[in-house]
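Structure record follows, encoded as structure tokens.
Number of protein chains: 2
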Amino acid sequence: MSLVRVHNFSVSLDGYGTGEGQSLDAPFGHAADRLHRWFFGTRAFRRMHGDEGGEAGVDDAMARAWGDGIGAEIMGRNKFGPQRGPWEDHEWQGWWGPEPPFHTPVFVLTHHPRPRLEMAGGTTFHFLAAEPEEALRRARAAAGGLDVRIGGGPSTVRAFLAADLIDHLHVVVVPVVLGRGVPLWDGLEGLEQRFRTESVTTPSGVTHLTFTRRT
Amino acid sequence: MSLVRVHNFSVSLDGYGTGEGQSLDAPFGHAADRLHRWFFGTRAFRRMHGDEGGEAGVDDAMARAWGDGIGAEIMGRNKFGPQRGPWEDHEWQGWWGPEPPFHTPVFVLTHHPRPRLEMAGGTTFHFLAAEPEEALRRARAAAGGLDVRIGGGPSTVRAFLAADLIDHLHVVVVPVVLGRGVPLWDGLEGLEQRFRTESVTTPSGVTHLTFTRRT
Numbered sequence: 032m033s034l035v036r037v038h039n040f041s042v043s044l045d046g047y048g049t050g051e052g053q054s055l056d057a058p059f060g061h062a063a064d065r066l067h068r069w070f071f072g073t074r075a076f077r078r079m080h081g082d083e084g085g086e087a088g089v090d091d092a093m094a095r096a097w098g099d100g101i102g103a104e105i106m107g108r109n110k111f112g113p114q115r116g117p118w119e120d121h122e123w124q125g126w127w128g129p130e131p132p133f134h135t136p137v138f139v140l141t142h143h144p145r146p147r148l149e150m151a152g153g154t155t156f157h158f159l160a161a162e163p164e165e166a167l168r169r170a171r172a173a174a175g176g177l178d179v180r181i182g183g184g185p186s187t188v189r190a191f192l193a194a195d196l197i198d199h200l201h202v203v204v205v206p207v208v209l210g211r212g213v214p215l216w217d218g219l220e221g222l223e224q225r226f227r228t229e230s231v232t233t234p235s236g237v238t239h240l241t242f243t244r245r246t
Numbered sequence: 032m033s034l035v036r037v038h039n040f041s042v043s044l045d046g047y048g049t050g051e052g053q054s055l056d057a058p059f060g061h062a063a064d065r066l067h068r069w070f071f072g073t074r075a076f077r078r079m080h081g082d083e084g085g086e087a088g089v090d091d092a093m094a095r096a097w098g099d100g101i102g103a104e105i106m107g108r109n110k111f112g113p114q115r116g117p118w119e120d121h122e123w124q125g126w127w128g129p130e131p132p133f134h135t136p137v138f139v140l141t142h143h144p145r146p147r148l149e150m151a152g153g154t155t156f157h158f159l160a161a162e163p164e165e166a167l168r169r170a171r172a173a174a175g176g177l178d179v180r181i182g183g184g185p186s187t188v189r190a191f192l193a194a195d196l197i198d199h200l201h202v203v204v205v206p207v208v209l210g211r212g213v214p215l216w217d218g219l220e221g222l223e224q225r226f227r228t229e230s231v232t233t234p235s236g237v238t239h240l241t242f243t244r245r246t
């Protein structure tokens, strides 16, 4: 059975998944790197970007589950890039350079059409105007029987949680108060009742929470 | 040096310290017991209410720091009782019965005057219209050189944090999404910069976070 999974999704104590004022220079807005410092130090992050070294502890173990058995990703347009509204041109090819770390089809949810974009290393971006159910149907068809990852940002994860389409959710609670930004939990009252939860803290100070759908 | 401390303060993943719709039958509103289940099972909670038994693990160790070295408490009126506005009568004497677990002076912040209330076991409720600084001055004078605890609810803790009067904050993040209620973190952007933080999860599923003021 193909599962729908979320990995390495950081939130602040006040529940923001990204800061306010996202831009080319500030992909996470005023949050800067505060939500993701735990991740940058891991071997998994380094390897994802072609580097060596990094820590091999619990943060790393949690982080590296990100890619195993994934056949496609769905992401919101705000994760793909800082533009809003119709595409001015097609020069922007995402934050990740010529060889993005996904190595699968990636479905970018946007109301503004754009031709698909084939990158090196097996990543192909498809641009899709669709509700969560339809987007998932398309991603599953492309995933070859493997799992589908919902890649973020917060509004996209929230929409898939609200539609009860997520089987496995890995959230990283970071002990910072952002004060403003894009919330993850809004409209999800009682979410925990649909899942079994586990949690572990690590020396980096974050808490890894896993939500596994009750069967 | 007398410190100002907060203990055993539970919040949901979306940052609510209590639910919506607080009343005589529902002191935590629609949150019911979801924020405090971890606490009810501890030896500390049982002993606080004159009972025996309970768990003696990490939840208990964290919970029992609540009383050590405390000479006075400050609480919001909404923690004292469900009434709002002027006191209709003086029959309500708090949630805690004839012998409350505080055993110290307790300053209840309210704009509506009321004579002080002496209970069995050393608890005296004083009703006080004051801003945080003035309330703390009064509580310190009554605490005989011991520490002052800020007892809640969320609005009261938040006001003392905003005024930068807290030295030690113990927050318990409970993996539930309440969706609505009284928020703890609003207006406290960047709070973590004033504190060193530590965290630990326990088998009850909660995460204990401690904030210790940087010196």
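Residue numbers (our numbering), protein chains in the order written: chain A, 32 to 246; chain B, 32 to 246. Positions of the beta carbon are idealized from the N, C-alpha and C atoms, including for glycine.
Leaving out five residues on either side along the sequence, give the residues of the same chain with a beta carbon under 7 Å from the beta carbon of A/PHE4.
As displayed, chain A neither begins before 32 nor continues past 246, which places residue 4 of chain A out of reach and without an answer.
So, are the CB atoms of B/ALA160 and B/HIS142 less than 8 Å apart?
yes
Looking at B/GLY100: is its Cβ nearer than 8 Å to the Cβ of B/LEU177?
yes
I'd like the list of long-range same chain contacts for A/ASP91, defined as Cβ closer than 8 Å, with 5 residues on each side in sequence excluded.
THR73, ARG74, ALA75, GLY85
Quick check on the DSSP output: the beta strand (DSSP E) that includes A/GLU229 runs from which residue to which?
226-232
Kindly indicate if chain B contains any beta-carbon less than 8 Å away from that of A/ARG68.
no
Starting from the beta carbon of A/GLY52, find every residue of chain B whose beta carbon is closer than 7 Å, and list them in chain order.
The contacting residues do not exist; A/GLY52 stays about 13 Å from chain B at best.
Can you tell me where the alpha helix (DSSP H) with A/ARG95 in it begins and where it stops?
89-95
Going by beta carbon distance, what residues of the same chain come within less than 8 Å of A/ALA174, once the five residues before and after it are set aside?
SER33, ILE101, GLY102, ALA103, THR135, PRO136
Identify the continuous alpha helix (DSSP H) that holds B/ARG74 and give its terminal residues.
74-79
Could you name the residues of chain B that A/TRP216 contacts, counting a contact when the two beta carbons are closer than 7 Å?
LEU44, ASP45, VAL208
Where the beta strand (DSSP E) through B/ALA104 begins and ends:
Per the sequence shown, the amino acid found at residue 104 of chain B is Glu instead of Ala. From DSSP, the beta strand (DSSP E) with B/GLU104 extends over 101-107.
Do B/ILE197 and B/VAL42 have their CB atoms nearer than 8 Å?
no
According to DSSP, which residues form a beta bridge with B/SER43?
B/VAL205
Within 10 Å of its beta-carbon, does A/VAL224 have 16 or more other beta-carbons around it, so buried, or fewer, so exposed?
Per the sequence presented here, residue 224 of chain A reads as Gln, with Val not at that position. So A/GLN224 ends up on the exposed side.
Within chain A, partners of B/VAL231 - CB distance below 7 Å
THR232
Who are the near neighbours of B/ARG147 in its chain, counting only those whose CB is closer than 8 Å to its CB and skipping five residues on each side?
THR155, PHE156, HIS157, PHE158
Beta-carbon of B/THR243 versus every beta-carbon of chain A: anything under 8 Å?
no
Can you tell which of B/GLU149, B/GLU229, B/PHE191 has the C-alpha that lies nearest to the C-alpha of B/HIS239?
B/GLU229
According to DSSP, simplified to helix, strand and coil, what is A/VAL188?
helix
Would you say A/ARG36 lies against chain B (beta-carbon separation less than 8 Å)?
no
Quick one: which chain A residues come within Cβ less than 8 Å of B/VAL204?
LEU44, VAL204, THR238
Which chain A residues are close to B/ARG211, counting only those with a beta carbon under 8 Å from its beta carbon?
GLU220
For B/PHE144, name the three-state secondary structure that DSSP assigns.
With the sequence shown as reference, residue 144 of chain B is identified as Pro, and Phe is not the correct amino acid for it. Three-state DSSP puts B/PRO144 in coil, outside helix and strand.
With 16 other CB atoms within 10 Å as the buried threshold, where does A/TRP126 fall?
exposed
Min CB distance A/THR228 to chain B below 8 Å:
yes
Which of the three DSSP states is assigned to A/LEU167 in this structure?
helix
Keeping to the same chain, check which residues put their C-beta closer than 8 Å to that of A/ARG77; ignore five residues upstream and five downstream.
GLU83, GLY84, GLY85
Contact under 8 Å by Cβ, B/GLY218 with B/ALA194:
no
Hey, A/VAL208 and A/LEU66 are a contact pair by Cβ (cut 8 Å); roughly how many whole angstroms apart?
At roughly 12 Å, the Cβ-Cβ gap does not stay under 8 Å, so A/VAL208 and A/LEU66 are not in contact.
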